[in-house]
């Protein structure tokens, strides 16, 4: 297929490489073109504007946030103007529920198709083609994307015909992970103040009821207070809680736990921890318990 | 060993039977003696008071709450008066951190030993000898209990020499489960208001990052809204959140997530749902989102 | 002075009339011109676009939300294009901290002045010229607005040179009122469940420590459950909590109480109460306590 | 009247002196008798046990907490054994809803009367006879106490026939004050991070909508960060939030704002601020915003 790929960052570079490897004709665009060199070396073409990358069957966007996606789609030289009728914008970024709805409407007005397909997984999973993909959109359009999705992930879950629901599911997943982190942070602080060993406690949890990867991964990081380098930054965790809350507000579904998490991430950021791994949320529970941490010094 | 067993309820009956099967001499006590008949038939002796059951090497208590344990230990004819010096009170009930500390001190004053060993597991696991046991106390005393614990559970975790920490770990485990329930409740409500199928959503979660039993069990109950009959009642979930908060207060370790959970369980109870399974906490998120539920009727 | 006035709603109509009465030359603009008739009858001129109303010394905007202000300022025929260099945009709407910052920058780039001056007070106070005004901006520009502000309010508080801080103070005031409402809602529910009379309880509060108008006004509404017609709608209360939280996020100052309030307002809206007075927040505490209310019916 | 007075502390000493001055025959008891000397010098008799102070028409208790009241009533030599049939125990301490219910029942069983009458006011108000008193109990018994209450306070509010409701109202009042403190703490932190002057901001609030003493008193303390010496200690604020939550639980009336306040007070205590004035709660909002405070040092 003729595929455009916009956003050659830590996730996108591995994903684009997998599409090349699967035999697709790739045109790539990145704001700073330097990052595209490896892909050009493997046969990708370079586009000078986002719109130039959108002249094929499908254009994929994999960008940092709403603003970046808005510029690339609606901005001057954006893909909305050049994407052919019947071609697909496959949006794989984690963005807001509201922007997804706006994108779906804008493409529909132009006779273009829109599929949202955000992913679960870190850069290593992206490079290995092992992402979990959550897709939503018109069934016929999703089907046309399937060979691309197969090259990018280990499994695709199709959640509904309304494109925006895919990001909702993605955000809810990050919300559930953050809830686990907060729970572990409070629990580890509690038992360790009573003299229980942190690592032994996490081992007990993950050997019994809490055997899932999410507890093993974050339990170990919290037990060892290994918050640097970040796998996923606290400030991105905060952003996702806010996107979840924004969708919750639009759908009128109050989420007090998400509110709690957003406030705690914000406290971590205010204390200088925004670039730490999001499991560093546990530092807030620790500080609240009067234990010394490396957060903002006192007066 | 000569073992007393006090509290022949849904959990205790299976546990006591396993001790008999392992060849121990058992003396049992229950407030309503009718429940002890099966065990008597298998060779257990019946004690007329808790104290009578406490004349051997070890006396086990497996009771509903602090009050029941206080009566059996400190009340007239209680075990504090009759347990021989050097014998052990093995307390397997889920009780408060504060009562554990009080029990440890009282037995120490009498030259008796005290081991706390609350369990994770439902009645079926108790009957099958498959409980997870969290033990704490003087190492030598815990060691003397080991053959009993081996007959009751699939694995024993020894957390510290301070007996009260065992219940702290137990309570923290129930706190983490309740956090999962609340998270799922909010997430399922959010996505289902946007049109995503509840069951399909839970399947997606448990097929990816959230593969632990706790997500599978509670995810299914919430997706299908199968809150009756209760595996573990909401009002007991509320009790455990309060015990966790009480310990958190004593240890000065604020737990805002536990506070949120306690308030939500209380709202469920106030709406008439105290006897539902604790996964019915998801009904509060649903009601808050304006969706109809079977909770308290409107005016 | 030559003054433009944009936004002739429930607040703006009274305010504009006061400016006319004080002898200013007024040009008014409203999206639906019908509402301007009374003012025209009193000598105001009618503008066909927002920009036409902005050709004098000062143009005042008094609009419902960020979106309305953005259209009137940045849209086609907006005031940014026509306001003379050195003239002032006096923004009296309650809008976001972020938009205030953006407006200040945009006007500065055009050599225009920008003063933010949101108000406390209901339509009756607006009509009577009894508003409290919170102003911020370049001191010299604020001074030039003073005669206008004197015609509109009983007192002007100048909070800083950074225009955006005026709305921050305004939003924080509404946050504090909402906190009083939530506190009263929880307290009244608690004591009335124990049999204390609601009205007698509020009387006790306001006769002792809580003599401020805010307790008298909202205490009476809550005691009598008089939530209709709305003085200030719950959905506007929710909007202001969200604006406060948005500023809190930008300034990295976590506000857990504001988060709680936002979630409670959202629950009220989801239950169909968005158009009730914002004191109806007390219905959520009441419903949580299992008491019947007129909110969303059960299944 | 023949009156016993138990608890000659900072509040009790002034109250007892007012009863003497009003001509009542006073018998006083205090655990450390030294504090009674001034009263003895003015004509009061000294009792050797609480029970000895309870042989007249009314015995007043004014003690620190539940435990102290329990000892004095139910302990050896306690007032339950000596108070004549038909005489009154007038309990003016701030205690739990549950203990009030227990006291009412115990006295009823002995043919004694029980009136609960906790107070609002600091030691200076107690000494000046200017307390606000919240009374509950059998109307006839409350009437018999009225001359005593008139000597102690500026006004008595009678809330219901159920004695326990008086403390409920008292606790709800402290809850509302703490809500004001938390609101001010969050708001002051927010606006001061944007550059608004703290004192000027508080002045603006108290000059407009928030003119009640509670805003003036606590607004000034927070603006100036004058948290020492304590008028009312943070740890007592925490105790009252917990008593309110305990009553809320018993009455099944969830109070999420009270939960938030309890957690924040606990964080303040864990950071070493338990002996500061309870308005120091504002330090937690400040620390959460990454501002330096004098709380627990970092690692």
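Chains as they are written, first to last, in our numbering: chain A, 1282 to 1580; chain B, 1282 to 1580; chain C, 1282 to 1580; chain D, 1282 to 1580. Idealized CB from N, CA, C, for every residue including glycine. Treat the numbers as computed from the prediction; the structure is a model and nothing was measured.
Less than 8 Å between the C-beta atoms of residue i and residue j, yes or no?
| i | j | result |
| --- | --- | --- |
| residue 1342 (chain A) | residue 1305 (chain A) | no |
| residue 1303 (chain A) | residue 1432 (chain A) | yes |
| residue 1398 (chain C) | residue 1376 (chain C) | no |
| residue 1430 (chain B) | residue 1339 (chain B) | no |
| residue 1527 (chain A) | residue 1379 (chain A) | yes |
| residue 1543 (chain C) | residue 1535 (chain C) | no |
| residue 1299 (chain B) | residue 1410 (chain B) | yes |
| residue 1363 (chain D) | residue 1337 (chain D) | no |
| residue 1334 (chain A) | residue 1308 (chain A) | yes |
| residue 1496 (chain D) | residue 1487 (chain D) | yes |
| residue 1492 (chain D) | residue 1457 (chain C) | no |
| residue 1533 (chain B) | residue 1570 (chain A) | yes |
| residue 1344 (chain D) | residue 1402 (chain D) | no |
| residue 1354 (chain C) | residue 1384 (chain C) | yes |
| residue 1472 (chain B) | residue 1449 (chain A) | yes |
| residue 1462 (chain B) | residue 1564 (chain B) | no |
| residue 1295 (chain D) | residue 1286 (chain D) | no |
Where does residue i land, buried or exposed, given buried means 16+ other C-beta within 10 angstroms?
| i | result |
| --- | --- |
| residue 1357 (chain D) | exposed |
| residue 1313 (chain B) | exposed |
| residue 1390 (chain B) | exposed |
| residue 1268 (chain D) | The requested residue 1268 (chain D) is not part of the displayed model; chain D covers only 1282 to 1580. |
| residue 1322 (chain C) | exposed |
| residue 1315 (chain C) | exposed |
| residue 1537 (chain B) | buried |
| residue 1386 (chain A) | exposed |
| residue 1393 (chain C) | buried |
| residue 1291 (chain B) | exposed |
| residue 1437 (chain A) | buried |
| residue 1319 (chain A) | exposed |
| residue 1348 (chain B) | exposed |
| residue 1405 (chain A) | exposed |
| residue 1568 (chain D) | buried |
Give me the DSSP bridge partner(s) of residue i.
| i | result |
| --- | --- |
| residue 1306 (chain B) | B:1283 |
| residue 1416 (chain C) | C:1439 |
| residue 1558 (chain D) | D:1514 |
| residue 1423 (chain B) | Paired residues: none, contrary to the question. |
| residue 1401 (chain A) | A:1413 |
| residue 1434 (chain D) | D:1412 |
| residue 1357 (chain B) | None; residue 1357 (chain B) has no bridge partner. |
| residue 1301 (chain B) | None, per the DSSP bridge assignment. |
The alpha helix (DSSP H) that contains residue i, what's its start and end?
| i | result |
| --- | --- |
| residue 1336 (chain D) | From DSSP, residue 1336 (chain D) is part of no alpha helix (DSSP H); its letter is neither H nor E. |
| residue 1394 (chain B) | Per DSSP, residue 1394 (chain B) belongs to no alpha helix (DSSP H); it is in the beta strand (DSSP E), 1394-1397. |
| residue 1485 (chain B) | 1479-1488 |
| residue 1385 (chain D) | 1378-1390 |
| residue 1364 (chain D) | Looking at the DSSP string, residue 1364 (chain D) is not in any alpha helix (DSSP H), and its letter there is neither H nor E. |
| residue 1467 (chain A) | 1445-1474 |
| residue 1546 (chain C) | 1537-1551 |
Is there at least one non-hydrogen atom of the ligand ADP closer than 7 Å to the beta-carbon of residue i?
| i | result |
| --- | --- |
| residue 1562 (chain C) | The model depicted lacks the ligand ADP and carries no ligand whatsoever. |
May I ask which residues mark the beginning and end of the beta strand (DSSP E) holding residue i?
| i | result |
| --- | --- |
| residue 1372 (chain A) | 1369-1372 |
Q: Please confirm if the stretch 1466-1480 of chain D is in contact with the stretch 1499-1507 of chain C, defined as three or more CB-CB distances below 8 Å between the two stretches.
A: no
Is it true that the stretch 1512-1525 of chain B meets the stretch 1555-1572 of chain B, where meeting means three or more beta-carbon pairs spaced less than 8 Å apart? With the cut-off at 8 Å, the stretch 1512-1525 of chain B and the stretch 1555-1572 of chain B touch.
Q: Please confirm if the stretch 1442-1458 of chain B is in contact with the stretch 1417-1434 of chain B, defined as three or more CB-CB distances below 8 Å between the two stretches.
A: yes
**Prompt:** How do the stretch 1481-1488 of chain D and the stretch 1545-1555 of chain C stand: do at least 3 beta-carbon pairs fall below 8 Å, yes or no?
**Reply:** no
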